[in-house]
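Residues 1261 to 1755, numbered by this note's numbering, are exactly what the sequence shown covers, in order. All remarks here apply to the structure that follows.
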Amino acid sequence: MREFGHFIDGAWLPPSSGRHLDCVDPCTGLTWARVARGNAEDAGHAVSAAQAAFERSSWRREPGRRVDALEALADRLETGWQTLVEPEVRGNGKPVGEVKAQFGALHFWYRHVASELRRADGDGTALANSVPGVGTELRREPFGTVVAITPWNSPLMILAWKLAPALAAGNAVVVKPSEHASVSTLLFAEMAAGEPVPDGIVNVVTGFGREVGDLLVRHPLIRMVSFTGSGNGGRSVAKAAAESEGGPIPVVLELGGKSPQIVFADADLEAAVNGIMSGIFLSGGQTCVAGSRLIAEAAIHDSLVERLCARAAALRVGDPMDPETDIGPLANRPHHARVLEMIRAARSEGAVCVSGGGPVHVAARPSGLFIGPTIFTGVGCGMALWREEVFGPVLAVASFSGEDEALELANDTEYGLAAGVWTSDMSRARRMADRLAAGTVYVNHYRSVDPNVPVGGFGASGHGRELGPDSIRRYQQMKSVWTGSAPVADPFKRR
């Protein structure tokens, strides 16, 4: 069993308190590693190291050096990603096939941002103004030291979405991974260390959100925060950012979702079934973009549910390190208990469980946190299963009889991260996309991401965006410079 410290200023450092947290494998129930339990002193040390690196080096003034650093990170990931797979699987229980697919492409995110930085406009873009004899220009500068807070479900992929543009913009970064899945991030930081990435530019502090994350966000030297996680966590981060000792600071929040998938009777049902399965059962439903609400046209509701039940019953639940496993365990014991409670509550409220609906016993892993793929029909809009994010392999199904009713059902949520529409009528698809309240709308497709396309939500799903054409600029602040080229008149001269 390996014991990890924080990774600060290019080196491993023990927690100042000497305390550690157990990392429990959700498949076996056994502790397999220990990570540092950070506190205020550790948070301050990480921020000071990052700020010193930002100030002492030429990092922020040399975009070419930052391109080289991003390419170096991509090279190291392209050749060394396999060493990170098992720590991620043991940290969150995601099936190894899914993790390998993610990690085999991790280098792509860093290379893409490097290429964007190469094409970026130079400093000092001229701006028109209406003042005679005065020129204006726009400069984009890094914030300084920023905090990236990542979740337990896809730590390294989501870190790439934050870290690559933050570095490209010229910042130093302090990463705070989830206490439930920190090891892969720590090992990545070790892999990333060394030229051309200066020591202190990438730091990782581990521990509980209330003991180290909150203090990072409130630190007077922190200038910007990017957070991906739960709605409650996002509200805490937003509050801390507003109360930061350095003054209110900007924050990007990518939070939960309760995404609808709307299936019309004219849809390609085989494609729709594949998209629904992908949306709710990949990663055991533990994704923010999970298509957890199925809204099916009444004419095909029963046949669609029948197909889904047959497909769900064929999925293999088991050890996530087994390449034949389709659904691994839920990531941690508190979350496992919460999902089971939501299933119980759905039954008590009158929803009909037509597939799964409880824990699954895996013979070789009796302590594993397994829940089988679960489908409920007859789910009313007032039920918790319809309104609250489950973050597990649980699908809620309702029916509709027209476009307006489908939209009313889909938009009847505080969330607005994603939505799916399945229809052969492209005019209808465009109408639906126009009226759906979601940051991403998929038509006859679901769940893809690409660095060129922004990710983010409406309402309780957060604000701000990651990825897309402005990913680097989100980690920069703008400065306007006015330069006079004519004599300045006396403003108090009497005429």
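We put the beta carbon where it would ideally sit given N, CA and C, even for glycine.
For GLY1340 versus MET1451, is the C-beta distance shorter than 8 Å?
yes
query: How would you write the range of the beta strand (DSSP E) that GLN1362 sits in, first residue to last?
result: Unbroken run through GLN1362 is the alpha helix (DSSP H), 1356-1363; no beta strand (DSSP E).
(message) Am I right that PRO1583 and VAL1356 are in contact with their C-beta atoms under 8 Å? What's the rounded C-beta distance?
(response) 6 Å
- Could you name each continuous beta strand (DSSP E) segment of 3 residues or more that falls completely within the segment 1588-1644, going from the start of the chain to the end? 1612-1615, 1634-1637
Can you confirm whether the segment 1325-1336 touches the segment 1443-1459 when touching is taken to mean that 3 or more C-beta pairs between the two stretches lie within less than 8 Å?
yes
Would THR1291 be called buried (16 or more neighbouring beta carbons within 10 Å of its own) or exposed? exposed
What number of angstroms, rounded off, separates the C-alpha of ARG1371 from the C-alpha of SER1552? 33 Å
Notebook entry, point to check: Using the C-alpha atoms, what's the distance from SER1438 back to ALA1254?
Noted result: No answer is possible for residue 1254: the residues shown for the chain start at 1261 and end at 1755.
At least three beta-carbon pairs within less than 8 Å, the segment 1538-1551 to the segment 1665-1683: yes
Are the CB atoms of LEU1645 and ALA1658 nearer to each other than 8 Å? no
| Are at least three pairs of beta-carbons, each pair with one atom in the segment 1300-1318 and one in the segment 1403-1413, less than 8 Å apart? | yes
Expressed to the nearest angstrom, what Euclidean distance is found between the alpha-carbon atoms of ASP1586 and ARG1625? 15 Å
Next on the checklist: Under 8 Å, with one C-beta from each stretch per pair, do the segment 1727-1745 and the segment 1558-1575 reach the 3-pair mark?
Outcome noted: no
* Is DSSP giving MET1537 helix, strand or coil here? -> helix
### Query
Are the Cβ atoms of ILE1560 and LEU1669 separated by less than 8 Å?
no
Alpha carbon to alpha carbon, what distance is there between HIS1305 and ARG1279? 16 Å
State buried or exposed for ALA1293, treating a residue as buried only when at least 16 other CB atoms are found within 10 Å of its CB.
buried
Report yes or no: do three or more beta-carbon pairs, one from the segment 1625-1643 and one from the segment 1585-1605, lie closer than 8 Å? yes
query = Which partner residues does PHE1487 have in the DSSP bridge list?
reply = ILE1409, LEU1513
**Prompt:** Which of helix, strand or coil does DSSP assign to PRO1520?
**Reply:** strand
Original post:
So is GLN1736 buried or exposed if we call it buried at 16+ other beta carbons inside 10 Å?
Top reply: buried
Just to confirm my understanding: we take MET1692, look at its own chain, exclude 5 residues before and 5 after, and list those with CB closer than 6 Å. What are they? VAL1681
Same chain only: Cβ atoms within 6 Å of VAL1284, ignoring 5 sequence neighbours per side: THR1291
* Helix, strand or coil for ALA1531 per DSSP? -> helix
Check: What distance in whole Å lies between the Cβ atoms of PRO1653 and PHE1524, which are believed to be in contact at a cut-off of 8 Å?
Finding: The pair is not a contact, with the Cβ atoms about 25 Å apart (cut-off 8 Å).
#### Entry: Top-ranked residue by Cα proximity to GLY1616, from THR1637, PHE1448, ALA1300, ARG1695
THR1637
Neighbour-count burial assignment, PRO1392, 16 or more Cβ in a 10 Å radius
exposed
ask   = If you pair each beta-carbon of the segment 1473-1483 with each one of the segment 1499-1511, do three or more pairs fall below 8 Å?
value = yes
>> Judging by CA-CA distance, which residue of VAL1614, LEU1447, ARG1378 is the nearest neighbour of LEU1416?
In response: LEU1447
(request) For GLY1588, collect the residues of the same chain with a Cβ closer than 7 Å to its Cβ; drop the 5 residues on either side in sequence, then sort them by chain order. (result) CYS1287, GLY1353, LYS1354, PRO1355, GLY1544, PRO1580
inquiry  = Three or more C-beta pairs under 8 Å: does that hold for the segment 1684-1699 against the segment 1511-1527?
reply    = yes
Quick check for students: name the residue ranges of the alpha helix (DSSP H) that lie wholly in the segment 1672-1698, counting only runs of 4 or more. 1686-1695
**Q.** Near the ligand SAM: VAL1307 beta-carbon under 7 Å from a heavy atom
**A.** Only the bare structure without any ligand can be found here, which leaves the ligand SAM out of the picture.
| task | Could you tell me the boundaries of the beta strand (DSSP E) in which ASN1712 lies? | result | That residue, ASN1712, is in no beta strand (DSSP E); it is neither H nor E in DSSP.
Notebook entry, point to check: For LEU1575, which of helix, strand or coil comes out of DSSP?
Noted result: coil
Task: For GLU1397 and ARG1571, the rounded distance between their alpha carbons - done: 59 Å
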